[in-house]
Amino acid sequence: MADVVHIVLPAWQFAAILAGPLILLAAAAAGLRFLVRRRSVSGEDRDWSVPPLADSAGATLFHRWDVRCKITALLAYSFLVAALEHVTPTLAALAVSLLALVLARSSLVRALTRLLAVTGFLVMFLVVMPLSAPALPGDTVLVIDGVDWLGFNLRGLYKALAIACKGVAIALLMEPLLTTAPLPVTLHGLTRLGIPDMVGQMVLLSHRYLHVFRHEAERMAAGMRVRGFRKRTDIETLRAVANFLGMLFVRSFERTERVFDAMRARGYRGRFPAPEEPRMQAKDLLLTGAWLALGITLILWDRFFQQGSG
Amino acid sequence: MHNPTPPVLRPDPKQTLFSIRGLTYRYADGTPALSGIDLDIAPGDRIALVGHNGSGKTTLVRQLCGLLSPSAGSVSYKGKPLAGAHLDAARLEIGLLFQDPDDQLFGHTLMDDAAFGPRNQGLARVSAEEAARVALEQVGLAGMAYKPPHNLSFGQKKRAALAGLLAMGPETLILDEPTTNLDPRQEEIFLNLLRDFPGTLVCISHDLIFLYELCDRAVVIDRGRIHHDYTLKALVSHRASLREHGLDFSFRLAPETADESGKTPVRVPAATPPGKTAPAPALVSLRDFRFRYPDGTPALAGVDLDIVSGERVALVGENGAGKTTLLSCLLGLRRGEGTFHFAGEPVTKQRHRTLWQRVGMVFQDCADQLFCPSVGEEIAFGLRRLGCTTDETRQRVRETLVRVRLSGFEDRVPLHLSGGERKRLALACVLAMSPDLLILDEPTAGLDPEGEELLLQIIGDLDTTLLLVSHDMFFVGELTRRTLVMHQGVIGCDVPTREFMRDEALGSLNGLAFTYRRDCSGAIRELQHEHEHSHPHRHRHEHPHRHGGMVHTHAHEHVHEHPHRFVHRHDDGDKAHDHAPLRYPEHPHPGHDSEPHDHEHP
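Residue numbers (our numbering), protein chains in the order written: chain A, 16 to 325; chain B, 12 to 613.
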């Protein structure tokens, strides 16, 4: 069995190797942010008098795909991607997700925004795992000259890279899954797949009222700031934040009751009106089968045709 | 004293749509909300439901659509009690518009929301969407049918909420404060829609000028009971009743007279005569000031503004003109680009953080700035951050509560105060910090006329620099000398307030026309017109009097001529007119008792 290979480097070289990828990642994140900003500034307000998916951009394979088949196929595929262990198949999964984005004509801005949300979490893996992975026989570990206890395990880096690629691939895939049908239709599809109706209704209402509660919290926070409130590590801050959260809870609770009353006043009796009933066709099932086959192929490739740091 | 025998309007019992008998309602904690309510509403009635904040109006309308069940008594709709399957069916015929449109817009898009009711009525998806489209067209939002509600302005949300009801083709519309926080243009859209509504209308509002245009019957609620069931004309012409129920909005009818006579509104401190002193340095100075939201939406597009210390300035403009963003920048909540000087000093990043010490603002919804468990702590919150000692804080809290007429409220819970009291508490929180610049954002929103009048007095007595943001042209006229008109992120016009009020074109251009309000005010002023007249009139009274040698006393009637104050219309202006020898109730006639006089004895 091969021993652990230790490569001793001067501190500056080690720092450069460590900082290089981090700087690249930070630059990529900043670039993403810049792109998101620029795209959202330049875009004109769309025509809201037509359904969001009724324009030509909506006529893609993903938009036409029966929502139940789409959910089943993409979620099952995501689980298969999550089970990958090697870097090369995960890179292939990432490529598939990018292709799906292109095929679905998804908004680049939204996809990048989604990616930004997971970037921090994935960067943490890239930093922590190489430094914390135990050295096993056959591993290559970079060590700083004179600091033997701190090793940078390349197997840990590969692991982290695989996790990052899987995370990005799945996050990007959520874009074609969630934005190629209106949310109520997607939730109705979930209900038809056996998710309790109440869960779908709660998600739909949460999606609507999260914005309202966020605006309310922002206004209340502004009300505190204009009277001099600044967060500090003292008991006064703790008391003020507790009052703020308490009041926010009371207001949210009261609003919940009013919303329910408003729903009842317009004839709500426990069920939201169902959107248009989806019709499953042979091509939907065919596409589902193809997508699942792709996932299984990736798994087989990962398990039987990959070696090394996996 | 208000009129003890008001004209009571009762529909024919056979034609009653709603019939409420002996209705009593108590909240879960036992607090009585309504008691002994008897009310009949006929099809086609247009009822204004008025009364103090907290008098029970909203609770009553919730009973009308079965959202609350009576603790005692009954509510019937079309002859049957509102319960079970009849209640389910009734809800599809009764539309209730909530005060806050966010409570009502739970759909993913406006189309989803407006189609929600028709779908529950059993319409197929396509028919329901057609009904929703027509309703959205009616409220002028067809172009936003697939927009999520959280991306709309407040006025648009309010109209969208109404579309959700109109799509159901309701027989009855119940509206809870429909025009609160709306700019005059949106208010007029609402008015036109409701004016054309053919069904039964029940409208809760403190805005009697709006109600006057819309309703013909007034039901006055006071502490959970119906005090009057008048015609609306009878109510608005009877100031004593209005005053008793906190509804006397007559102070709003005064300015036209002041304006006509060229006087300055009394609540504005006298200006320094021009040329006598050197021009004061600007307290606030903005040059080419711009602000863009993170998503790129431009909110301020080159604002130039100077506010001199002691000035009283109004900032007006349609919803979405950029007023709130400008205020956020002045408060230091947002940082814009361009030149910003405060009290002669450039507002650097460091100074930006301390602007709160010199600029105070009362928010449109005062609930946004009240979060402490007691009134005393609420006011002390800002003072503690200013570094005031305990004694000084206590002293300032006490003084401020006196200023806002809330003495003795120190230990009360802000959440349990009435709307007017909360607004004054929010003002107290800011005043206690002695700001150099006081900003008021829609101070009258949701207040009853009594609360408005009190607030007007309090603000009128202040001597601080004031920036008033309001759609309420009466408050603007009463409290400010200078008006800034904002439109699409710039200050398009900076004129003396009196000039702005006279320039109809200026108002119309910016959605601030208030023509119908002025017309209504004129009509109500006519109804309330009261003046002194001397003319012969009949008078029935009882006093000792002499007939030849006989002195006796009994009620008797005869004609007098002496001055009286009474409600009296002059439809022909100043032309000569006759007064019929009407009979008036008893009134004193000093010296009359000892006069010998004669009258017929039956």
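Positions of the beta carbon are idealized from the N, C-alpha and C atoms, including for glycine.
Just so it is clear, the structure is predicted and the values come from calculations on it, not from any experiment.
- Under the 8 angstroms criterion on CB atoms, Phe-244 of chain A is classed as interfacial with respect to chain B.
- His-256 of chain B sits in coil when the DSSP states are folded into three classes, being neither helix nor strand.
- In the structure shown, Thr-69 of chain B falls within a helical segment according to DSSP collapsed to helix, strand and coil.
- Per DSSP, reduced to three states, the secondary structure at Thr-87 of chain A is helical.
- In the three-state reduction of the DSSP assignment, Leu-152 of chain B falls in the coil class, being assigned neither a helical nor a strand state.
- At a C-beta separation below 7 angstroms, Tyr-283 of chain A has these neighbours in chain B: Asn-131.
- When the five nearest sequence neighbours on each side are left out, the beta carbons in the same chain lying within less than 8 angstroms of the beta carbon of Asp-299 of chain B are those of Gly-313, Val-314, Asp-315, Gly-349, Thr-350, in order along the chain.
- Under DSSP, Tyr-88 of chain B shares a beta bridge with B:Phe-29, B:Lys-91.
- At a C-beta separation below 8 angstroms, Pro-199 of chain A has these neighbours in chain B: His-119, Asp-123.
- From the listed residues B:Gly-398, B:Thr-400, B:Leu-428, the smallest Cα separation to Leu-381 of chain B is found for B:Leu-428.
- In the structure shown, Arg-303 of chain B falls within a strand segment according to DSSP collapsed to helix, strand and coil.
- Residue environment for Gln-26 of chain B: exposed (fewer than 16 other C-beta atoms within 10 angstroms of its C-beta).
- Scanning the segment 351-399 of chain B from its first residue to its last, the whole alpha helix (DSSP H) runs of 4-plus residues come out as 360-363, 386-397.
- Within the segment 119-164 of chain B, complete alpha helix (DSSP H) segments of at least 4 residues are found at 121-131, 136-149, given in chain order.
- Excluding five sequence positions before and after Ala-44 of chain B, the CB atoms of its chain that fall closer than 8 angstroms to its own CB belong to Tyr-36, Arg-37, Tyr-38, Gly-67, Thr-70, Gly-235, given in chain order.
- Three or more Cβ pairs closer than 8 angstroms define a contact, and the segment 200-211 of chain A falls short of that threshold against the segment 117-135 of chain A.
- As far as DSSP is concerned, Pro-197 of chain A takes part in no beta bridge.
- Residue contact with chain B for Ser-64 of chain A: present (Cβ-Cβ distance below 8 angstroms to some residue of chain B).
- In this structure, B:Lys-168 is the residue among B:Ala-139, B:Lys-168, B:Gly-151 with its C-alpha nearest to the C-alpha of Gln-115 of chain B.
- Between Leu-219 of chain A and His-119 of chain B, the C-beta gap is smaller than 8 angstroms, which places the two residues in contact.
- Around the beta carbon of Glu-410 of chain B, a 10 Å sphere encloses fewer than 16 other beta carbons of the protein chains shown; the residue is thus reported as exposed.
- In this structure, Leu-99 of chain A sits near Ala-108 of chain A, with a CB-CB distance shorter than 8 angstroms.
- C-alpha of Val-143 of chain A to C-alpha of Ala-30 of chain A: approximately 15 angstroms in a straight line.
- Minimum Cα-Cα distance from Phe-302 of chain B among the listed residues B:Pro-446, B:Arg-345, B:Glu-356, B:Leu-243 corresponds to B:Arg-345.
- Chain-order list of chain A residues neighbouring Arg-102 of chain B: Arg-279, Ala-280, Arg-281, Gly-282, by C-beta distance under 8 angstroms.
- For Val-111 of chain A, the enclosing alpha helix (DSSP H) has its first and last residue at 102-118.
- Rounded to whole angstroms, the separation of the alpha carbons of Asp-514 of chain B and Gly-355 of chain B is 33 angstroms.
- Under a criterion of Cβ atoms nearer than 7 angstroms, the residues of chain B adjacent to Ala-237 of chain A are, in order, Leu-344.
- Under the DSSP definition of a beta bridge, Leu-60 of chain B partners with B:Ile-215, B:Val-230.
- Contact annotation: the segment 235-242 of chain A touches the segment 371-387 of chain B, with at least three C-beta pairs closer than 8 angstroms.
- Annotated as distal: Val-274 of chain A and Thr-155 of chain A, with beta-carbon spacing of 8 angstroms or more.
- With a 10 Å radius around the Cβ and a threshold of 16 neighbouring Cβ atoms, Met-295 of chain A comes out exposed.
- Out of A:Arg-83, A:Gln-28, A:Pro-149, the CA that lies nearest to the CA of Leu-302 of chain A is found in A:Arg-83.
- Under the DSSP definition of a beta bridge, Met-497 of chain B partners with B:Ile-502.
- Assignment of Asn-330 of chain B by DSSP, reduced to helix, strand and coil, places it in the coil class.
- In the DSSP assignment, Trp-164 of chain A falls outside any alpha helix (DSSP H) and lies within the beta strand (DSSP E) extending over 162-168.
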